[in-house]
Structure formats: structure tokens, C-alpha cells
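Note sheet for the following structure.
In my numbering, the protein residues as written are 616 to 1116.
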């Protein structure tokens, strides 16, 4: 029994490490890709690329039709050993997004023709739509690997191979100008990496099927399987419908500020803002290491209604997440000018907005686990409600704040929306499960983060900004030392509670 527990712990640790390294590599490579794209296109053309890409990503969410939620349902079928039904649903998840993408891209193309867009924007958008069927289907590796409780294929395909392909192609076109600099070249490099990911996912699925003794069927037999298991497939689709709106709103919520900034300002500011958000997302990727274990543990303890155990695991994972996130946050928030200076003087005006977005990630580290708790219990439907509320608030605040403060207003609207949605999730988790995060550590961090954001926003000169950041880093250093002390004096029982299954 002891040996089995040791093996389980080793497997969990390995999966957490692989996933964490993969996502960290993906976030850093995405930031590097953005820098290469800006160097290749210039800020003005890159802003147009980002604006069109934002619309494409929203359309790709429609394309996948909530199939991410099929993962949990398929896990249940796998545990029930209904291999044929599982294969039928997975085959559906491979084929349906491509067909749906074709339909969505055709409808979007018709709509674009009736919009009063510039000729360049119309051409770029139409060129993007040509690749939509496979671009939107590329995330199928998520569906295929998560259900089999393995992280190798998803890390290898999505987090390593896909960004490397894009980086190599961009470097070739940047340093060896085979063709003239063009936004269409960047679209082709992006599409190539996504299409490669789609085929890697399909190959990974066939390998996983053979490893798990799931028979594969080809051609007309797949249609017969769907008919034979129509009830299971219908139940799966019904299960996914409530999450469709949630997925759309999550994607839209992440892109609304970029879209509004592109509509009301100029493409240059849009490109700079996208760069700032990419840098902030690197801080958020710390959660991939610490919170990757939370869903499985939450699901296990939820079955026994052990909410106290979920609470303990959540608090310790958040503290560990902050422990890992503090150094990166301190480094990035101290030198935003050095990052922006590599472009041009105009990019320097975005330094405050970059610092605001980075500070917002500190709050995200404190509260993001509540969404995982809701998703792994019977309150998953609240995911769509929270996302819809966040999208509405983001649109309203973004509209007014961007008109008032341009790029800084977009950052402030994003942070306010993040605060509202995560506090709403925290209240819901407390109401249903009596799990709360209002402890001394988190309250001090929240007060520190938002007082710093407020002072940064209204600072009049560079000297004042420097003083504010210095005060914040001093407080952050104190909390970092406190976190280290907590980590090393944590009792053996509490450590075992975090990783026990």
C-alpha cells in the first residue's frame, strides 16, 4: 500500500512538472513570438494582425462548440469501460470542429463583406478565414490527452512543437528575407503552427487508443457507431451546451479590451497592449505548476463532501503559487521600460499600463483556483454566468475608460473586471461550500496590489512611479520572505495533505 502511494505521488509530481514546464515554455515562447512579429511587421501592421486575430479566436470558440467540456463526460465513460461510445464521441470531436469551422468561416466572410471596413482589413480578415477550420480545431490535443490523464502529448504538441515551428519560420523570414515583409506571411506562420498541432493531436489520439486498448474504427463504421450510441452522444452534447456560452464569454472577455482599444485608438497602441498582456500572462502561468493538482484533489474530496480538505489544499496551493510568482512579478514590474525600449519611443507610453496588468496578475494568483473548484463540482454552470457578467462589465468599463485614458484605461478596465469576476467566484464558493480566502495573507496582498495600482494610475511623473514601485517591491520582499518561512516550517501532515490522493 505504501509503495502504491509512493508510485502515485511520483506520477502526480511528474505530470505536474511536465505540465508546468510545458506551459511556462509556451508563455515565454508566445512573448518571444510577439517580439519577432513586431520586429518583422512594425507596431502598426502588428496591431492590425492582433485585431483580426482576436476576432478569429472568438470565432474558433464557436467552432469548437463547447467540446472542451466533453473531457469530463468522456472520463466517466472511460471509467465505465464503454470504449466504443468513447471512440464515437472522440471521432466526433475530431471531425465536427472542422466542419463547423467551414460553416462559421463562410458566414463570417459574408458578414465581413457587408461591414464598412477598410480594404486592407477586409483582405486580412478574409485570408485568416481560409485557415479557420483547422486553426480552431488545433486545441483538440486538450480533449484527447486530459481524458487519459497524461501530459506528455499536450506538452509536446501545444507547448513545445507548435511555438517552435512558428519561431523558426519567423526567424527565417526576418533574418533571410525570402519574400517582402507582409502581414500575410505572419498569418501563414501562425496557421502553419496551428495546423501542425492539429495533426499532432490526431496522431497522439491514435497512440493513446492503442495504449489504452480502445479499438479504432474507420470510414462508414464511425457513422454506424454514432448511430448505435446516439443516446450517449446526445447526453454528451446536452452536457456541453451550458458550457458553450461560458467558453465564448471567457474567450471574448480576454479579447474585449484589445478589440475596444483597436476600435477607439490606433493599431500601434493595440500592438503594444497585446505585448503587455503577453508578459503579464507569464506571471499567471505559475498556476500551471501549483494549481494543476487542484482539480483532481477537489473532485476526490468533493465526492466525500470533505470541504475542509478542499479548503486546506486550496490555501496551501495559493501560498505556494505566490511563492513562485513573487520573483517574476518583482523583476517584470521593475523594468518595463527596458522591454518597451527595444521598439520605439512611442511604445514607452505603455509602461504604466504594463505595470498595472502585471499587478493584476498578482491578484489572479490569489483567486484563480475558485474557478477550478466550481468546475469540478456540481456548480459548473456558474462558469458561464460569471463569464457573461465579466464580459458585460468589461465592455462597459472599457468603452468609458479607453475614451478617458487610452491604453491605461484598457488596462484598468481589465483589472476591474478581473477583480469583480474572481470576487464573485470567491463569494459563490463560500456560499455553497464555506470555503473562503479572506485570510491575513490574502487581504494584505489585495490591499497592497490595489493601492499600488491606484497610485500608479494617478502618478504624474516618472519619479513618482519609481517611488511607488520601490514601496511595492519592499512590501513584496517581506511577503516573499514570509512565504519562504511558511514553506519550510510547514508540517509534514500539511504537506502530505496537499499531495495526497
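Backbone N, C-alpha and C define an ideal beta-carbon position, used for all residues, glycine too. In this text, all values refer to a predicted model and were calculated from it rather than measured experimentally.
query	result
Length of the line joining the Cα atoms of residue 879 and residue 819	43 Å
Three-state secondary structure (DSSP) of residue 751	coil
C-beta contact flag for residue 1026 and residue 1012 at 8 Å	no
Residue 747 beta carbon less than 8 Å from that of residue 648	no
Where the alpha helix (DSSP H) through residue 1040 begins and ends	997-1048
Span separating the alpha-carbon of residue 661 from that of residue 802	11 Å
Residues near residue 1061 in its chain [Cβ-Cβ closer than 8 Å; skip 5 each side]	978, 981
Residue of 895, 1030, 1021, 1005 minimising C-alpha distance to residue 1040	1005
CB of residue 875 within 8 Å of CB of residue 653, strictly	no
Nearest to residue 923 (by Cα), restricted to the options 896, 811, 1050, 1015	1050
Local conformation of residue 657 per DSSP, three classes	coil
Per-residue DSSP class, three states only, for residue 776	helix
Range covered by the alpha helix (DSSP H) that runs through residue 980	966-982
Where residue 793 falls: helix, strand or coil (DSSP)	coil
Residue closest to residue 1007, alpha-carbon to alpha-carbon, out of 1033, 1065, 889, 719	1033
Inter-residue Cα distance where the pair is residue 1046 and residue 975	25 Å
Residue from 866, 925, 970, 1070 with nearest C-alpha to residue 895	970
Coil, strand or helix - residue 728 by DSSP	helix
CB of residue 645 within 8 Å of CB of residue 778, strictly	yes
Residues near residue 651 by beta carbon distance below 8 Å, same chain, minus five either side	782, 785, 786, 789
Residue nearest to residue 677 in terms of C-alpha spacing, selected from 714, 1059, 815	714
Status (buried if at least 16 other CB within 10 Å, exposed otherwise) for residue 799	exposed
Buried/exposed call for residue 1019, threshold 16 Cβ in 10 Å	exposed
Residue from 1000, 737, 725, 642 whose Cα sits closest to the Cα of residue 666	737
Presumed contact (8 Å Cβ cut-off) between residue 670 and residue 753, rounded CB distance	In fact, because the Cβ distance is near 17 Å, the residues do not count as touching under 8 Å.
DSSP three-state assignment for residue 892, whether helix, strand or coil	helix
Buried versus exposed call for residue 816 [16 or more other C-beta atoms within 10 Å across all chains shown]	buried
CB-CB length for residue 1038 against residue 866, believed under 8 Å	The Cβ separation is near 21 Å, so there is no contact.
Beta-carbon contacts of residue 989 that lie in its chain and below 7 Å, excluding the five residues immediately before and after	995, 997, 998, 1040, 1043, 1044
Cβ-based neighbour list, residue 1036, same chain, cut-off 6 Å, excluding 5 preceding and 5 following	1001, 1005
Helix, strand or coil at residue 645 [DSSP, three-state]	helix
Whether residue 809 touches residue 890 by CB criterion (8 Å)	no
Inter-residue Cα distance where the pair is residue 1030 and residue 727	31 Å
C-alpha gap between residue 886 and residue 743, whole angstroms	18 Å
Status (buried if at least 16 other CB within 10 Å, exposed otherwise) for residue 792	exposed
Inter-residue spacing [alpha-carbon to alpha-carbon] between residue 725 and residue 1048	48 Å
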